[in-house]
Every structure is written in C-alpha cells, then in structure tokens.
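For the sequence shown, this note's numbering begins at 79 and goes up steadily by one. Note that beta-carbon positions come from the ideal geometry of N, C-alpha and C, so glycine has one too. Worksheet: the structure to be examined is printed underneath.
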Amino acid sequence: MDKYIASSIEEICNQNKNIMTRFNAKNLFKHNGEFVLSDKYIEFKGYKTIKFDEIEDISLENDDVVSSVNFATQNRMVFGKSARPIRLLLKNGEIIYFYVNWDILTGLSSNKKIYDILNDHIKN
C-alpha cells in the first residue's frame, strides 16, 4: 500500500515554519494516508480525488514553496529526483504538492516512478 503526504500551496504558505517542519516533511504537509493510482484518477484517501483531466500541469522539481533541500534528511539527497516533490497545477488554479512513500531516514520517495506514470496519463 502506497502512502502519501500532501498539502495545497495555501496550506504550506500559511503554516508556521519551525525546526520540525524543516526536519520532517510529514510535519509540513497537512494531509496523509493511502495513495491510490487508477487509470482515470489519483486518490489521496481522506483528502481528495483528482481526475487526470482536471490536471493542467505536473512537475517533479524543487521550487520556492517546497524544496527537498529544506528537509534536514534530504540535504544529502538533493540531486536525486525521487527526493523532489511532485507539484500538480489543477485546471481550477489549485496547486497541490505531495510525496508518495517518503522515507524520513533517506529523504527518498517513490515520486520519480509516480511522476512518470502520471505524466504518461496526463500527456496522453
């Protein structure tokens, strides 16, 4: 079973940042639970379901809002694609950041694999 941590850009920007949000990504992201990937949608159980046709753009990169270098466990893994957050821009303008199977010990995740699958679904 795949696990996610996720938040909207508003939730991240409005959150008080402290040592715990820099140490552990799970403290920065408001939502967590089971991640489901189907052939038509992604589901963040307990948070939201997003159909592929609702996604305007997807990226796997660090930016000014969420960056793998912000997490103490990921500083040494900054060059690994799986350490970077996935950013979804929805057609309604909402922006969601998330990690799938993020590991606090290594700072790595399943994001590269999930990104490749999602990108194929969205672009086709």
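Which listed residue (the options) has its alpha carbon closest to that of residue i
{"i": "E89", "options": "N105, K81 and S187", "result": "N105"}
{"i": "L197", "options": "E172, D135, N170 and T127", "result": "Correcting the residue identity first, residue 197 is Asn in this sequence and not Leu. Out of E172, D135, N170 and T127, D135 has the C-alpha closest to the C-alpha of N197."}
{"i": "A84", "options": "N170, D194 and I128", "result": "I128"}
{"i": "E37", "options": "D117, V114, K126 and L115", "result": "This structure does not reach residue 37, given that the chain is present from 79 up to 202, and the question cannot be answered."}
{"i": "E139", "options": "N202, K108 and K190", "result": "K190"}
{"i": "P163", "options": "K201, N170, A103 and H109", "result": "A103"}
Contact set for residue i: own chain, Cβ-Cβ below 7 Å, skip 5 residues either direction
{"i": "N179", "result": "D80, K81, S187 and S188"}
{"i": "S279", "result": "Given a span of 79 to 202 for the chain in the structure shown, any question on residue 279 remains unanswerable."}
Contacts around residue i, its chain only, beta-carbon distance under 6 Å, and the 5 residues preceding and following it disregarded
{"i": "K57", "result": "For residue 57 there is no data in the structure shown, the boundaries of the chain being 79 and 202."}
{"i": "R165", "result": "S137 and Y175"}
{"i": "H199", "result": "F130"}
{"i": "I192", "result": "V178"}
{"i": "F107", "result": "I83, A84 and S85"}
Close Cβ partners of residue i (< 8 Å) along its chain, the five nearest in sequence each way excluded
{"i": "R154", "result": "Below a pLDDT of 50, predicted positions are generally treated as unreliable, and R154, at 48, falls in that range; the measurement from the model is reported next regardless. Answer for R154: G185, listed in chain order."}
{"i": "D117", "result": "H199"}
Supposed contact pair residue j and residue i - C-beta distance, whole angstroms, cut 8 Å
{"i": "L168", "j": "I120", "result": "Not confirmed; about 11 Å, so no contact."}
{"i": "L115", "j": "I195", "result": "6 Å"}
In DSSP terms, what residue i is bridged to
{"i": "F113", "result": "D80 and F122"}
{"i": "T127", "result": "E121"}
Endpoints, beta strand (DSSP E) assigned at residue i
{"i": "E139", "result": "That residue, E139, is in no beta strand (DSSP E); it is neither H nor E in DSSP."}
{"i": "L183", "result": "Taken as a continuous stretch (DSSP letters only), L183 belongs to no beta strand (DSSP E), as it is neither H nor E."}
{"i": "R165", "result": "I164 to L168"}
Delimiting residues of the alpha helix (DSSP H) encompassing residue i
{"i": "I90", "result": "I87 to N92"}
{"i": "L106", "result": "A103 to L106"}
{"i": "I189", "result": "The amino acid occupying residue 189 in the given sequence is Asn; Ile does not appear at that position. Element bounds for N189: N189 to K201."}
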